[in-house]
Amino acid sequence: MYAALARSVLTEPDADRIAGAVEKLRRKHPKADDDEIVEKLIARTAIRCGLVGGAAAAPGGLLAVLPLAADLSYQALALQRLVRTIAYVYRKPTTAAERGIATAAGLAAGGGAGLLR
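Numbering of the sequence shown is given in the numbering used here, commencing with residue 3 and proceeding in unit increments.
Pasting the structure below:
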(Lines of atoms letter the chains of each structure in order from A and count residues from 1; the text may use other names and numbers.)
(Lines give C-alpha, C1' and ligand atoms only; values in the text may rest on other atoms or scores of the structure.)
Protein backbone atom coordinates (compact mmCIF):
# COMPACT_ATOMS: atom_id res chain seq x y z
CA MET A 1 0.00 0.00 0.00
CA TYR A 2 2.87 2.40 0.76
CA ALA A 3 4.36 1.74 -2.69
CA ALA A 4 1.05 2.75 -4.27
CA LEU A 5 1.04 5.85 -2.09
CA ALA A 6 4.55 6.82 -3.20
CA ARG A 7 3.69 6.19 -6.86
CA SER A 8 0.61 8.36 -6.57
CA VAL A 9 2.69 11.26 -5.29
CA LEU A 10 5.28 11.04 -8.06
CA THR A 11 3.01 10.18 -10.99
CA GLU A 12 -0.64 10.25 -12.03
CA PRO A 13 -1.39 6.49 -11.95
CA ASP A 14 -5.13 6.83 -11.41
CA ALA A 15 -5.89 9.53 -13.98
CA ASP A 16 -8.22 7.29 -16.01
CA ARG A 17 -9.90 5.95 -12.88
CA ILE A 18 -10.44 9.47 -11.55
CA ALA A 19 -11.85 10.70 -14.86
CA GLY A 20 -14.16 7.68 -15.06
CA ALA A 21 -15.46 8.17 -11.53
CA VAL A 22 -16.19 11.85 -12.13
CA GLU A 23 -17.89 11.21 -15.45
CA LYS A 24 -20.01 8.45 -13.90
CA LEU A 25 -21.15 10.85 -11.17
CA ARG A 26 -21.91 13.53 -13.77
CA ARG A 27 -24.05 11.05 -15.74
CA LYS A 28 -25.84 9.92 -12.58
CA HIS A 29 -26.48 13.52 -11.48
CA PRO A 30 -26.70 15.54 -14.72
CA LYS A 31 -28.02 18.69 -13.05
CA ALA A 32 -25.31 18.75 -10.36
CA ASP A 33 -22.73 21.50 -10.56
CA ASP A 34 -19.05 21.05 -9.69
CA ASP A 35 -19.60 21.87 -6.01
CA GLU A 36 -22.33 19.25 -5.67
CA ILE A 37 -20.15 16.63 -7.39
CA VAL A 38 -17.32 17.43 -4.98
CA GLU A 39 -19.67 17.10 -1.98
CA LYS A 40 -20.69 13.64 -3.19
CA LEU A 41 -17.04 12.64 -3.65
CA ILE A 42 -16.17 13.84 -0.14
CA ALA A 43 -19.10 11.91 1.35
CA ARG A 44 -18.10 8.70 -0.45
CA THR A 45 -14.49 9.00 0.66
CA ALA A 46 -15.53 9.69 4.25
CA ILE A 47 -17.75 6.61 4.30
CA ARG A 48 -15.03 4.39 2.82
CA CYS A 49 -12.39 5.66 5.25
CA GLY A 50 -14.83 5.23 8.14
CA LEU A 51 -15.61 1.65 7.14
CA VAL A 52 -11.94 0.73 6.84
CA GLY A 53 -11.17 2.47 10.14
CA GLY A 54 -14.06 0.68 11.82
CA ALA A 55 -12.91 -2.66 10.47
CA ALA A 56 -9.37 -2.04 11.71
CA ALA A 57 -10.67 -1.08 15.15
CA ALA A 58 -13.02 -4.07 15.47
CA PRO A 59 -12.11 -6.33 18.38
CA GLY A 60 -11.19 -9.94 17.62
CA GLY A 61 -12.68 -12.13 14.95
CA LEU A 62 -11.79 -12.16 11.29
CA LEU A 63 -11.23 -8.40 11.09
CA ALA A 64 -8.46 -8.52 13.67
CA VAL A 65 -6.03 -9.57 10.95
CA LEU A 66 -6.31 -6.15 9.29
CA PRO A 67 -3.27 -4.28 10.58
CA LEU A 68 -3.56 -0.68 11.71
CA ALA A 69 -0.89 0.25 9.16
CA ALA A 70 -3.21 -0.85 6.34
CA ASP A 71 -5.90 1.42 7.76
CA LEU A 72 -3.52 4.40 7.85
CA SER A 73 -2.09 3.86 4.38
CA TYR A 74 -5.57 3.26 2.89
CA GLN A 75 -6.89 6.48 4.40
CA ALA A 76 -3.87 8.47 3.22
CA LEU A 77 -4.22 7.07 -0.29
CA ALA A 78 -7.98 7.67 -0.33
CA LEU A 79 -7.61 11.27 0.87
CA GLN A 80 -4.81 11.94 -1.60
CA ARG A 81 -6.93 10.52 -4.43
CA LEU A 82 -9.85 12.67 -3.22
CA VAL A 83 -7.72 15.81 -3.51
CA ARG A 84 -6.69 14.83 -7.03
CA THR A 85 -10.30 14.06 -7.97
CA ILE A 86 -11.47 17.42 -6.64
CA ALA A 87 -8.74 19.10 -8.69
CA TYR A 88 -9.96 17.18 -11.75
CA VAL A 89 -13.57 18.28 -11.16
CA TYR A 90 -12.45 21.92 -11.03
CA ARG A 91 -10.12 21.34 -14.03
CA LYS A 92 -6.96 22.21 -12.08
CA PRO A 93 -4.05 19.80 -12.64
CA THR A 94 -1.99 18.91 -9.57
CA THR A 95 1.78 19.06 -9.22
CA ALA A 96 3.97 16.51 -7.45
CA ALA A 97 4.40 18.99 -4.59
CA GLU A 98 0.63 19.36 -4.17
CA ARG A 99 0.18 15.59 -4.26
CA GLY A 100 2.92 15.27 -1.63
CA ILE A 101 1.21 17.81 0.61
CA ALA A 102 -2.10 15.98 0.18
CA THR A 103 -0.42 12.70 1.11
CA ALA A 104 1.22 14.23 4.18
CA ALA A 105 -2.14 15.68 5.25
CA GLY A 106 -3.79 12.28 4.73
CA LEU A 107 -1.13 10.56 6.83
CA ALA A 108 -1.53 13.18 9.54
CA ALA A 109 -5.32 12.77 9.53
CA GLY A 110 -5.06 8.98 9.62
CA GLY A 111 -2.42 9.11 12.34
CA GLY A 112 -4.55 11.51 14.36
CA ALA A 113 -7.50 9.16 14.08
CA GLY A 114 -5.29 6.31 15.27
CA LEU A 115 -4.20 8.33 18.29
CA LEU A 116 -7.79 9.11 19.19
CA ARG A 117 -8.64 5.41 19.24
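Every residue, glycine too, gets a C-beta built ideally from N, C-alpha and C.
Exercise for the section: For the alpha helix (DSSP H) containing residue 28, list its first residue and its last residue. Expected result: 17-30
Practice task
Less than 8 Å between the CB atoms is what I'm expecting for residue 101 and residue 80, so what's the real figure, rounded?
Solution key: Contact doesn't hold; Cβ gap of about 14 Å is too wide.
Exercise for the section: Could you work out which residue in 21, 54, 91 is closest to residue 74 when comparing CA atoms only? Expected result: 54
Problem - Proximal residues to residue 92 (C-beta, below 7 Å), its chain only, five neighbours per side dropped - result: 36
Handout entry: Backbone CA spacing between residue 99 and residue 23 [nearest angstrom]
Key = 24 Å
Exercise for the section: Flag this pair as yes or no: are the beta carbons of residue 45 and residue 77 separated by less than 9 Å? Expected result: no
Practice task
Taking 9 Å as the cut-off, decide whether the C-beta atoms of residue 86 and residue 18 are in contact.
Solution key: no
Exercise for the section: Alpha carbon to alpha carbon, how far is residue 34 from residue 89? Give it in angstroms, no decimals. Expected result: 17 Å
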